[in-house]
Each structure stands twice: as C-alpha cells, then as structure tokens.
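Report on the following structure.
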Amino acid sequence: MIEKAAPGDGAIHVALCCDENYAAFSTVVMLSAIRSARRPGALFFHLVSSGVSAETRLLIEKEIHSHGAQIQIYEADKASLFDKLPAGRFGHAVYQRILLGECLPKSVSRAIYLDGDVLVKQDLEALWSTDLRGFLLAAVEDLSRSACKTLGIPRSEYFNSGVLLMDLGRWRSEGVHWQVAEYAAQNAHRLRYVDQCSLNAVLQGRWLRLHPKWNVQAGIYKTLRRYPEGSGYGTNELMAAAALPGIIHYTGKRKPWLQYCFHPEKLAFRDILDGLVWVDRHPSRRGLREKLIYFLAVRHHLKAFLYKRLTRKLRSDT
Numbered sequence: 000m001i002e003k004a005a006p007g008d009g010a011i012h013v014a015l016c017c018d019e020n021y022a023a024f025s026t027v028v029m030l031s032a033i034r035s036a037r038r039p040g041a042l043f044f045h046l047v048s049s050g051v052s053a054e055t056r057l058l059i060e061k062e063i064h065s066h067g068a069q070i071q072i073y074e075a076d077k078a079s080l081f082d083k084l085p086a087g088r089f090g091h092a093v094y095q096r097i098l099l100g101e102c103l104p105k106s107v108s109r110a111i112y113l114d115g116d117v118l119v120k121q122d123l124e125a126l127w128s129t130d131l132r133g134f135l136l137a138a139v140e141d142l143s144r145s146a147c148k149t150l151g152i153p154r155s156e157y158f159n160s161g162v163l164l165m166d167l168g169r170w171r172s173e174g175v176h177w178q179v180a181e182y183a184a185q186n187a188h189r190l191r192y193v194d195q196c197s198l199n200a201v202l203q204g205r206w207l208r209l210h211p212k213w214n215v216q217a218g219i220y221k222t223l224r225r226y227p228e229g230s231g232y233g234t235n236e237l238m239a240a241a242a243l244p245g246i247i248h249y250t251g252k253r254k255p256w257l258q259y260c261f262h263p264e265k266l267a268f269r270d271i272l273d274g275l276v277w278v279d280r281h282p283s284r285r286g287l288r289e290k291l292i293y294f295l296a297v298r299h300h301l302k303a304f305l306y307k308r309l310t311r312k313l314r315s316d317t
C-alpha cells in the first residue's frame with residue numbers, strides 16, 4: 000500500500016499551470032514525477048487551470064489518484080492582470096507561475112514549479128530538500144546566449160523559469176508576485192520572454208544556482224559543442240547533466256509531442272502521453288503542415304550529413 004501524505008505532513012508540493020491545450024502534457028509531467036519517485040504517495044500536485052474543462056479536470060484527477068499521488072486543481076482568477084501582455088505560443092497560463100503564492104493555500108510555504116514541457120527522470124525529493132540558504136528561489140541558468148540580452152545581464156546570472164524551487168512564504172511576505180507582475184506590465188514591449196525576463200529582473204542576485212541536471216534544456220548539447228564559455232557551469236557539470244538528467248526540459252518550438260522533434264529523449268515523453276487513453280494524439284502530429292516540416296527537416300539533415308561526408312573524403316584524397 001502506498002502511504003499518502005497530507006498537505007502539511009511531509010508532502011512534496013509540485014505546482015504546474017496550464018490551459019486546455021497543455022492539460023495532457025502537464026499530466027505527462029506529473030506522471031513522470033510519480034514514476035521517478037521513491038515515495039509517490041508524498042507527491043502533492045497543485046494544478047492552476049486557465050480554462051481547463053470540467054471533464055478534463057476529472058480525467059486528470061482520476062489519473063493522478065490512480066497512481067497514489069494527490070492533486071488539487073485551482074481555477075486561475077487573476078488572469079485579467081495579464082490579458083494585454085503577449086503570450087505567443089505559450090498561452091497566458093505561463094504568467095500564473097508568478098502568482099502561485101496567491102493561488103496555493105497559505106499552508107504551502109515551499110513548492111517546486113514545473114513547466115508543461117518537462118520530463119522528470121530523478122526523484123524530486125532530492126530537489127525538494129535543497130537548502131535555499133535565504134534565497135527566494137533556486138533555479139538553473141538559462142543556457143541560451145540571447146535570452147538574457149534584453150535585460151543586459153550576463154548569461155550566468157539569468158535563470159530559466161521552467162523549473163523553480165520557490166520559497167512561497169517569502170514571496171507572499173515580500174509581495175514578489177506583485178513586483179514581477181508590475182514589471183511585466185510595464186516592460187512587455189522590450190522583453191523577449193515576458194514572464195521569464197520579468198522574474199529575472201526582479202530577482203536578480205536573489206536566486207540560488209542549482210546543478211544543471213535539474214533543468215537539462217535542449218540547448219545543452221549545442222552549448223557543450225559550440226559555446227561553453229560564458230556559462231556559470233563548468234564543462235564537467237554540463238556533461239554530467241546531459242548524461243544523467245534529473246529533469247529534461249524540451250525548450251524551443253520542437254516539442255516531443257510533435258513529429259518534427261529530434262530530441263534524443265522525445266520517445267520517453269511520448270511513451271507516457273500515448274499511454275493516456277483519454278488523450279487524442281496532438282493534431283499537429285498528423286497534420287499536413289507538420290508532415291511537410293518534418294520531411295524538409297529530414298531532407299536538410301541528410302544533405303548536411305552527405306555534404307560533410309563528401310568534404311571529408313575530398314580532404315583525405317588530397
């Protein structure tokens with residue numbers, strides 16, 4: 000029998016935010032955390048919904064409960080704060096992470112936030128037990144060289160907001176969520192990633208660096224190959240994270256549920272997604288446009304491979 004933990008009794012609180020489009024993918028994230036947990040009954044998920052249907056909510060709750068974990072779903076009631084801010088392909092649900100302190104019960108003083116495009120590979124209990132040492136949150140540096148440019152701060156001081164360990168007690172007492180929301184509203188026009196850049200602007204120098212294994216972004220392979228300089232992580236740390244990831248983050252447009260995705264861990268995500276009998280395959284996986292993009296991408300990679308092979312042969316012959 001799986002032992003269940005009450006919200007204030009040794010529970011590991013994990014928060015996610017999603018709309019109807021990302022509901023299935025967020026469910027995959029939660030199931031991957033359960034699969035990786037030594038004590039799945041200790042996991043308590045908090046899902047902030049931006050218009051997820053009642054039917055989908057029930058299906059998610061049934062899925063999580065059937066695996067011995069607990070879940071509470073909340074309807075986001077402050078989305079109007081962000082209605083006029085750009086959201087792009089992510090949807091306005093991305094802004095709800097800023098207000099987690101207001102959405103979750105006051106008894107929850109700490110939470111792990113996860114994006115809907117990650118896959119948990121190691122027990123979250125190790126991340127949960129991290130000593131924040133007085134910082135407001137712990138995160139992994141964003142490995143992109145360009146994401147930090149709109150703020151004018153070094154890459155090593157700019158974190159990726161897809162995985163966060165948050166001190167919600169201090170967020171509430173210091174009003175951090177309102178500071179970030181105000182910054183986003185005033186500076187949206189000049190920020191590349193409005194929510195993430197706003198978090199970084201307000202929390203600059205107030206976050207704890209995690210080992211990169213807790214947010215292994217898709218760009219880690221390019222970083223290791225082309226531009227490790229400028230990162231706050233050493234090459235050995237990045238190689239260890241790529242080899243044994245704690246959380247995989249499918250950053251960028253090429254998500255694992257799409258046909259046009261060449262991430263080495265895409266099948267691990269799809270395996271869980273395809274096991275959800277109540278979820279139809281994502282339309283773009285069978286759409287004509289996605290098939291064409293996939294065909295052209297394969298063609299491009301094949302041409303590049305043949306070109307490199309030919310140039311190596313010509314060099315050896317000369």
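In numbering that gives the first Met the number 0, the protein residues as written are 0 to 317.
Quick reminder that beta carbons are idealized off the backbone N, C-alpha and C, glycines included.
Bear in mind the structure is a predicted one, so any value in this text is a computation, not a measurement.
Beta-carbon proximity check, residue i vs residue j, cutoff 8 Å
i: V162; j: A146; result: no
i: Y373; j: A217; result: This structure leaves residue 373 out entirely; the chain is present only between 0 and 317.
i: A23; j: L257; result: no
i: D122; j: R37; result: yes
i: D194; j: I97; result: yes
i: F158; j: E140; result: yes
i: L103; j: H66; result: no
i: I111; j: L126; result: yes
i: S48; j: Y73; result: yes
i: E236; j: H210; result: yes
From the options, residue whose alpha carbon lies closest to that of residue i
i: G100; options: P39, R38, D122 and L15; result: L15
i: S143; options: W177, R109, I97 and K221; result: K221
i: S25; options: L202, R56 and D130; result: R56
i: E69; options: H45, L209, L237 and G245; result: The sequence shown places Gln at residue 69, not Glu. The shortest Cα separation from Q69 among H45, L209, L237 and G245 belongs to H45.
i: N199; options: K148, E236 and R34; result: K148
i: L150; options: G174, A75 and H188; result: H188
i: W395; options: L223, I33, P227 and W170; result: For residue 395 there is no data in the structure shown, the boundaries of the chain being 0 and 317.
Proximal residues to residue i (C-beta, below 6 Å), its chain only, five neighbours per side dropped
i: D114; result: G161
i: H12; result: F43, V107 and A110
i: E60; result: I70
Residues near residue i by beta carbon distance below 8 Å, same chain, minus five either side
i: G9; result: A41
i: G7; result: Confidence at G7 is low in this model, with a pLDDT of 48, below 50, so its placement is unreliable and the value that follows should be read with caution. If we look at G7 and ignore the five residues flanking it on each side, its Cβ neighbours are S106.
i: G229; result: R144, P153, R154 and S155
i: K265; result: Y249 and P255
i: V215; result: A240, A241, P244, G245, I246, I247 and H248
i: K212; result: Q121, A239, A240, L243, P244, G245 and I246
The ligand PLP heavy atom lying under 7 Å from the CB of residue i
i: L207; result: Looking for the ligand PLP in the displayed structure turns up nothing, as the structure carries no ligands at all.
Beta-carbon proximity list for residue i, same chain, < 7 Å, skipping 5 on both sides
i: W322; result: Absent from the model: residue 322. The displayed extent of the chain is 0 to 317, so no value can be given.
Residue i - partner residues in DSSP beta bridges
i: V13; result: F44 and I111
i: E74; result: S48
i: W206; result: L136
Unbroken stretches of the alpha helix (DSSP H), 4 residues or longer, contained in the segment 120-159: Segments of the alpha helix (DSSP H) lying fully in the segment 120-159: 123-127.
Contiguous beta strand (DSSP E) assignments of at least 3 residues, all confined to the segment 215-283: Runs of the beta strand (DSSP E) inside the segment 215-283: 246-248.
Length at least 4, wholly inside the segment 15-40: the alpha helix (DSSP H) runs in chain order: Runs of the alpha helix (DSSP H) inside the segment 15-40: 22-35.
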